[in-house]
Structures are given as C-alpha cells and as structure tokens.
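Going down the list, the protein sequences come from chains A and B. For what it's worth, my numbering labels the leading residue of the first sequence as 35, then goes sequentially. For what it's worth, my numbering labels the leading residue of the second sequence as 835, then goes sequentially. Ideal Cβ positions, reconstructed from N, Cα and C, are used throughout, including at glycine.
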Amino acid sequence: MKVPLSTIAHGRSGDKGDTSNIGIIAFDEAQYPILAREVTVERVKAHFGDMVKGKIERYELPNLGALNFLLHEALGGGGTLSLRVDAQGKTMSAALLRMEIDVDG
Amino acid sequence: MIRIANGQGFWGDWLEAPVRLIEQGPIDYLILDYLAEVTMSILQKQKEENPELGYARDFPPLIARVAKLMRDRDVKVIANAGGVNPIACAREVRRLAPQLKVAVVLGDDIHSRLDDLLERNIFLNNMETGQPLSDIRDRILSANAYIGAFPLAEALATGADVVIAGRSTDTALALAPMVHRFDWKDTDWNLLAAGTIAGHIVECGAQCTGGNCQVDWQNIPDMANVGYPIIEADPDGTFVITKHKNTGGRITTDVLKEQLLYELGDPAEYITPDCVADFTSIHLTSAGTDRVRVSGIQGGPPTMFLKVSISYSDGWKALGTLVYSWPDALAKAKAADSIVRERLRNLGLEFEDIYTEFFGYNACHGPAARPPDDPPEIQLRIGVRGHDRKAVDRFTRELIPLVLNGPPTATGFGEGRPPVREVVAYWPALVPRDEIETRVEVIE
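As structure tokens, then:
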C-alpha cells in the first residue's frame, strides 16, 4: 500500500552552509525498518530533482528510529548567499515527508 | 545534580525566556547563545564604527534586569555575547550591574593574526570547497576560532557571576558548568560527549520543548508561555531534559529526537573542540511528564584542529515580489518572470544567480510540490545576486513597472523598490589547535 511518508514519520531539517540536513524519524520505532528500506538515497534524489545539485548522503540512527540525510548544494548557495525564501532549509523535512512509500514491502 | 537552563537559542530569540527561567523555578546556570555564523561580521562592522561596540547589545540590559535575582538565587550566567569585543561587553555589564563579578574568555579572535598564520603556511583553505584564503583575503570581515568548554570552565573557577565569551561553540556553554562542577578531565570523552549532546539538545532553546515540533503540534499546550529547556546533569554523564512546572510546551522522546537530528552531519562523528560525540549511542527514556532521561552516550578524543569561522564580503543581492490574483494567477506570475528576465538580458546585465519562486506553489518545496489547481493568488518573488552593485540596483527598478506594463491584476508593490543588500558570506576553515591560546580575564 502506497502512503505518504508523513503517515509513519516526522522530522526536522536545518542547514550547514549550502548543505541541507533532513532528519526523518519513525513515529513507532518498530517501523524504522520500513524507513530504512523505502527512503533510499536514490529515491530522495528523484524526489527533490534539480533542487539538489550535489551528492546526497544517508546516515542511520537505529537507536532513535531515524535517518539523517545530507543534501549537498541544495540551498541555492546557503546562508546569506541564497536567494531562496527557505535559505536554511527549514521546510525541507516537510518536503521529504510528501514522498510516497510502500508500507507493505 | 546541577541545573543548566538555556534562555536564548540565537540573538533575537524571546527576550522573556531568560528572565522567566530565573524567576519561575530553581536553576544553577543560565546559558545564552547569541552567535550565528554571520553575526560576527555584523558585530565587526559595528566595532569598526565604534570601538566600544561589537557585542550582543541586548545582553548587558538583560543582566541588569536579572542581577538581583541572580544573587538571591545563586544563578551564574554563561554567554557567548562577547562577539568580537568581549571586554567592552563585560565593562558594560559591570556598569549596569556593578555588584556582579564578570570574567571574559579571550583568544578566539584571529582576525589580526591572519597574515601571520598565512606566512607560516597555515593556509585556512575553505573546508568545503578547498579554495585558498588568498581568493578572499582583501574582503575578510571577521575571523574566529571556535572555543570549547574548558576555557569557559576556567572562567567559572574564578567565581565569576557572569562568564562572557566570544566565538565559543554553542555546546560548550552547557558543557562548561559540568566540567567545572564535576571536575571532568579532558580525557573523559564519554562524559564530555554526554555534556556536548546535552548542549546540542538545548542550544536552540524552545526547539526541544515543543517549538517547531511536527508531532501533534496543534495540541502542544500553552505555547504562548512555552518553557525553555533545563538540563538536570549528573556527574556520571546521564541527564534529564525538562522545563519549569506550570510553563507551556511539551518534552517527550519524539520532541527530543527532532532536535537531536537538527543541523546534524555524520551522527557517529559530531566534532567539537572538546570531543567527538557519537549520536548513535544515545538512549532516550521517558521519565515522567515533560521529563526525558538521556543515557548511554559515548565519545572519543577531539581532532588536532579547531574550526575557524571567517566572514567576508561577497557582492550584492536584491529580492523583489509582486502578487497576481485569480484568474490564471500562476500563469501570469510565470509570464511576468519571463518578461523581467528578457528585459534584464536586453539591458546586458549579468548576475551570478537569478532565482524565481512562486509563493503559493513551489517556494518551500521546489520540485517536490504539486502545482495548485486554481489558486486565488500567487506571489512572484525574483532575486538576483552578483558582484556588480549597479546591475543589482538596476534589477530593483525592473519589477514595479510590470504593474502597468505586464500581465493583468498585479499588486503588492506597496513597499516600493526592494533594497540592495551586501552579501556577507561564510568561510569555514581549520586551524591547528596549538595556534589558539585562550586566556581568562576578570573585569573588576
């Protein structure tokens, strides 16, 4: 069954220069394996399209039922250089939570 | 157990928070984080205009406001409010609150040492791009090394009521009282990592007590009176995150998970001047209403380097907006964007970046957003950035004419021509640790 990622996870996002950091957390830690299986670097790349110019890295925090993504060159130059309204990537976690995932595997 | 409260997540955070933390319940230390990466450059400019400025100007009046309570309740304050002029900040605090003992931590400011460092082949290349500092040498506004918790702990050991630092790390503000009171050594890496992670959790103030929380945000109680965070730290490196009773907000494991992931890089290697903390070792357990216990934290030794934050002038930018109403609001805004871009090309103007967003459609989520079906209005927002100030200024004159000479039903031009702003950019670098010698001065 396809559902938006927001049905099983929440998150928070921030910045380090032109890198967007997106933390995605399973509401229920038992569903962490679904996150780990569904929210891959490739799918995140496809989701954001040309908004992300650089590479994407994924880190696993099973102790928190969470994944941490680093999206490089994703904030229009970042900080004060950026011309984006969301220059600090505050809404990038919500953007990722729109992604459709398959909860059945 | 000691209680360490954070009353300021950035310069501009809620003015009432630090006062309420002292008034509304017991705390031992109040920490206040004032510095973001570009703040130092703003402060440097203020100092150049007036050598008595260059620090967070909200800080001395705040201390004056709480000075009596600090003494009555034995609360010490630790803040990186000193900016590029910690001594001037300390003198102003003393002028407004003469009963308090103030200590400053110096040595982070390397602006005047840059040429000396470069001559000795300490290149300060950009950590992210590898570019040499010589590319921007003549445009540098400020340069500071990030200071860890030990110099702050040394300042606390003088018996100061107020410790003022320049560019200390955010996490060091929380770790310093633990080092001071629990006598932690610089090789107690698991303990230092625990204190560092406690600092990371509270460094953004109410972001760990229900602010900016995505879980059940509609039902988080009394956000108008949100309580700011308190660390109840134990000598064994475990701690509880809580807030004063009868304050708003919420602290749960979900809330803390969001903040733990905020501005996080590689979770196994959270590098600070004091240690390298491992976020994959964190164990959270609920310990009652608005109380979460944090344990299990592991860490390792710090690196041979300290991070340096350099700010420099990097051209000009301007951003302008117009609003288009139904019908065809998005199509009109898109047409207006094309017209502006063509006019800029016809003028022969070149920019390093020109960027368009459509509010009501893709400003926040870009390609991940779906186009709206039939929006009542769309705001067009166009920005340009470049080193030619004249070109950026010319751009600011190209938006308002569209109200008369572009697609129909444009409005929202009441603010007039958008301002041209200087771009101050951030240059992260590394400096060998032994190049930075801090010292503590007590201002009598």
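- Contacts with chain B (Cβ-Cβ distance below 7 Å) from the region 67-95 of chain A involve His81, Phe82, Gly83, Asp84, Met85, Tyr93 and Leu95, listed in chain order.
- In the displayed model, Pro885 (chain B) falls within coil according to three-state DSSP, outside both helix and strand.
- Following the DSSP letters along the chain, one finds Pro1069 (chain B) in no beta strand (DSSP E), marked with neither H nor E.
- The Cβ of Gln878 (chain B) sits no closer than 8 Å to any Cβ of chain A.
- Judged by DSSP in its simplified three-state form, Ile944 (chain B) adopts coil rather than helix or strand.
- Ala890 (chain B) is outside the set of residues whose beta carbon lies under 8 Å from a beta carbon in chain A.
- Between Glu857 (chain B) and Ile897 (chain B), the alpha-carbon positions lie close to 13 Å from each other.
- The C-beta separation of Ile59 (chain A) from Glu1037 (chain B) comes to about 19 Å, leaving the pair out of contact by the 8 Å criterion.
- Interface criterion met: the Cβ of Ile59 (chain A) is under 8 Å from a Cβ in chain B.
- With respect to chain B, the C-beta atom of Ala64 (chain A) has no partner C-beta closer than 8 Å.
- Setting aside the 5 residues that flank it on each side, Met126 (chain A) is surrounded in the same chain by Ser47, Ser54 and Ile56, each with a C-beta closer than 6 Å to its C-beta; the list follows chain order.
- If you check the CB distance, Glu1066 (chain B) and Thr1081 (chain B) do not come in under 8 Å.
- Secondary structure of Thr1005 (chain B) (DSSP, three-state): helix.
- One thing to note: Ala1152 (chain B) has its Cβ no nearer than 8 Å to the Cβ of Glu1184 (chain B).
- The three-state secondary structure of Leu1026 (chain B), taken from DSSP, is helix.
- Val37 (chain A) is classed as exposed because its beta carbon has fewer than 16 other beta carbons within 10 Å across all chains shown.
- Interface with chain B (8 Å Cβ-Cβ cutoff): Lys50 (chain A) is included.
- At a cut-off of 8 Å between C-beta atoms, Thr125 (chain A) counts as an interface residue with respect to chain B.
- When the five nearest sequence neighbours on each side are left out, the beta carbons in the same chain lying within less than 7 Å of the beta carbon of Gly113 (chain A) are those of Gly51 and Ala121, in order along the chain.
- Annotation: Cβ neighbours of Glu1191 (chain B) in chain A (cutoff 8 Å, chain order): Arg118 and Val119.
- DSSP places Ile998 (chain B) within a strand segment (E or B) once states are collapsed to three.
- Among the CB atoms of chain B, one or more fall inside 8 Å of the CB of Leu104 (chain A).
- For the region 1203-1222 of chain B, the residues whose beta carbon sits under 7 Å from a beta carbon of chain A are, in order, Arg1215, Gly1217 and Arg1219.
- For Arg837 (chain B) against Asp862 (chain B), the beta-carbon gap comes to about 5 Å, under 8 Å, which counts as contact.
- Using beta-carbon distances, Asp1100 (chain B) counts as an interface residue toward chain A, with a partner under 8 Å.
- Among the CB atoms of chain B, one or more fall inside 8 Å of the CB of Thr114 (chain A).
- Runs of the alpha helix (DSSP H) lying entirely within the region 885-959 of chain B and spanning at least 4 residues, in chain order: 893-907, 920-930 and 948-953.
- Taking a cut-off of 8 Å on C-beta distances, the region 965-983 of chain B touches the region 994-1014 of chain B, as three or more cross pairs fall below it.
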